[in-house]
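One structure below.
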Amino acid sequence: MGGDDLAVVTACDALLQHEQPGAYDLVVGNPPYGRVTLKAAQRATYRRSLYGHANLYGLFLDLALRRSTADGVIAFVTPTSFLSGEYFRNLRSLLVKDAPPVSLDFVSQRAGVFDDVLQETTLAVFKAGAAATHTDVHFLEVAPDRVTVQKAERAAPPEDARPWIVPRTPSSAGLAARLRTMTARLADWGYRVSTGPLVWNRFKPRLRNQPSKGTVPLVWSEAVAVDGEFSFRAARRNHAPYFVVKPDEEFLLVRKPCVLLQRTTAKEQPRRLIAAELPRAFLEEQGGAVTVENHLNMLVATVERPAVDSTVLAAFLNSAAADRAFRCISGSVAVSAYELESMPIPSAELMLKVAAAVAAGRTRADVEALCAELYGVE
Ligand SMILES: C[S@@+](CC[C@H](N)C(=O)[O-])C[C@H]1O[C@@H](n2cnc3c(N)ncnc32)[C@H](O)[C@@H]1O
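Last residue of the sequence shown: number 1401 in the working numbering, and the count goes up by one each step with no gaps.
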């Protein structure tokens, strides 16, 4: 058969072919995905798009950029984590600069489509060069006999490496547009987000069922109930309510009230944000220090008097409006500290109304309504 110039298909490890000459007007891919550990040389090759853990599909997107012509089109089926995940921040930065997304199509009705795929999927089209003037978002409903395409929005392309704000349901387009205009973040209210310091399976022999000298209460994720209440308990298998802490382990201790928020929620759980205040009274009762397990996020005050106090912060995070806003940042059941810190929130001044309602003991429905108003949602 013919020589190399006639080859239409090359079977190879694509990630080792990055230096092959040849540029294409169209690069189409349904790449593999999942974390990989790269050898030093390969990491160096893809360094420009890496930040922390490498994911196969991110490498393939970088490869597609290298193999596309200066005004080529890249069309990929990918998980949605690159839209917001911290590990993809350099990839987002590269895409914004070299090939912004012109359309992102989400498969909203998944029965029968990508049946074995657990992650949310998008059909993403990028246009190389700086010409992209907009990003369209569509939702695809795939039935056995037809595909219905619903257009959700046409917005300006994302501008930087921060999580891209994208509606994840057809009805969230208005909210996404509003979020892009909101400049406040949790840092402006006086909070940072970190994960609970105790990775329990590294310390199994130090779990205790009863308190004794040298133990502190261990706060597990089940302490944060779906209704936003904190209740000290260790209800799951292998969980125990106390932990033996050593004198040099101050880094494992939490001594100040903060807001606890579940890091992962079950897929069928309607809420992604499930928060409760770690009450000062509980800390005092327990001798002033507890440890918090790693399946919880902690929203910790960075200043003596945060602009929004932790009771109000917990009430806000538990509102349906905040949950909907967060879903425009993240499509995953995992709530990362990075994504939470990136979520647009109302200014602290606007939150005064919510604070007054919480202080007056108004009902959850009243607080919900106020948060909805601040986000401009029904
Ligand atoms: C999500 S699947 C898509 C498969 C294909 N598009 C189809 O519809 O059957 C990803 C494919 O990439 C292949 N793959 C994984 N790593 C690769 C690499 N380094 N170079 C080339 N192909 C690779 C896998 O074998 C798998 O077939």
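Even glycine gets a Cβ: it sits at the ideal position worked out from N, Cα and C.
query, result
"Proline 1264 - DSSP class collapsed to helix/strand/coil", "coil"
"Between the CA atoms of cysteine 1035 and leucine 1198 - distance to the nearest angstrom", "44 Å"
"Integer-rounded CB distance, given that valine 1239 should sit under 8 Å from valine 1313", "5 Å"
"Inter-residue Cα distance where the pair is valine 1390 and serine 1333", "15 Å"
"For glutamine 1285: DSSP bridge partner residues", "Leu1319"
"Meets three-Cβ-pair contact criterion under 8 Å: the segment 1384-1400 and the segment 1341-1349", "yes"
"Distance between glutamine 1040 and glycine 1025 (C-alpha atoms, nearest Å)", "Unreliable positioning characterises glycine 1025 in this predicted model, as indicated by a pLDDT of 45, which lies under 50. A coordinate reading is not provided."
"For glutamate 1176, three-class secondary structure by DSSP", "strand"
"Given 8 Å, three or more beta-carbon pairs between the segment 1372-1391 and the segment 1114-1126", "no"
"The segment 1094-1106 / the segment 1144-1152 touching (three or more Cβ pairs under 8 Å)", "yes"
"Residue ranges of each alpha helix (DSSP H) within the segment 1335-1382, 4 or longer", "1343-1350, 1360-1365, 1375-1382"
"For alanine 1093 and alanine 1151, believed in contact at Cβ under 8 Å, the rounded distance", "6 Å"
"Any C-beta of chain D under 8 Å from that of glycine 1052", "In the structure shown, chain D cannot be found, because there is only a single protein chain."
"Cut-off 7 Å between Cβ atoms - residues of its own chain near valine 1050, not counting five sequence neighbours on either side", "Ala1087, Arg1090, Ser1091, Gly1095, Ile1097"
"Nearest candidate by alpha-carbon position, reference glycine 1213, set Ala1330, Gly1354, Ala1184", "Ala1330"
"Contact the segment 1282-1289 vs the segment 1354-1371: 3+ CB pairs below 8 Å", "yes"
"Simplified DSSP state of aspartate 1128, which is helix, strand or coil", "strand"
"Coarse secondary structure for glutamate 1391, derived from DSSP in three states", "helix"
"Beta-carbon gap between serine 1116 and alanine 1184 smaller than 8 Å", "yes"
"Contacts around histidine 1262, its chain only, beta-carbon distance under 6 Å, and the 5 residues preceding and following it disregarded", "Trp1243"
"C-alpha gap between glycine 1018 and arginine 1070, whole angstroms", "This structure leaves residue 1018 out entirely; the chain is present only between 1024 and 1401."
"Classification of phenylalanine 1274 by the beta-carbon crowding that lies within 10 angstroms, buried from 16 upward", "exposed"
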